[in-house]
Amino acid sequence: YLVPCVAKLEVSTGAGTSIFHPNYSNSVIVYNPNAGDAFMEGDVIHRVYLKIRVVGQGMDTKPTFYYLTKGDNNPLFDFQFYDPASGKRNSIASEKQVVGRVVFTIPYVGYLRLLLTPAQYNEGCDSNLHYNLPG
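Set out below in structure tokens:
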């Protein structure tokens, strides 16, 4: 089977296109999916690979943050997921959907899993992903 991977992300908004490279050391968030997304049941706990700040037009407009998330065991980013049975996709998580964040960590606990499981690196992982943000 094919395992998609992404080396960079191009995000288009009304103001233009920006290029981002994922940060694989970011934190984990808990968020509620949008109504009608493929991930609907309960809260989703996933790692943030990219935090995107979208600034509206005008001086009084507060920036809005979006989070490009992916489960540790998923080959796809959450918004790339497609459920053919229902025809549903996922939206990019916004700051309004976030209901929890990591507040502390226990160092070295994850190393046991890393020792028992081979690394999941895909040769030729140089795909570019383009996404249009609404608005």
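Position one of the sequence shown corresponds to residue 1429 (the numbering used here), numbered consecutively onward.
We treat Cβ as the ideally placed atom computed from N, Cα and C, and that holds for glycine.
Top-ranked residue by Cα proximity to residue i, from the options
i	options	result
residue 1477	1456, 1470, 1501 and 1471	1456
residue 1474	1545, 1530 and 1512	1530
residue 1440	1482, 1471 and 1499	1482
residue 1528	1501, 1471 and 1479	1471
residue 1436	1503, 1442, 1443 and 1449	1449
residue 1541	1532, 1446, 1459 and 1501	1501
residue 1490	1499, 1503, 1511 and 1523	1523
residue 1480	1533, 1446, 1442 and 1545	1446
Proximity of residue i and residue j at Cβ, strictly below 9 Å
i	j	result
residue 1506	residue 1497	yes
residue 1461	residue 1525	yes
residue 1539	residue 1521	no
Strand pairing of residue i, partner residues [DSSP]
i	result
residue 1521	1495
residue 1474	1457
residue 1510	1517
residue 1541	Its beta-bridge partners do not exist; DSSP assigns none.
residue 1448	1437
residue 1611	A query on residue 1611 cannot be resolved here, the shown segment of the chain reaching from 1429 to 1563 and no further.
residue 1480	1494
residue 1560	1440
residue 1526	1459
Could you check whether the stretch 1509-1517 touches the stretch 1454-1467, counting it as contact only if at least three pairs of C-beta atoms, one from each stretch, sit closer than 8 Å?
yes
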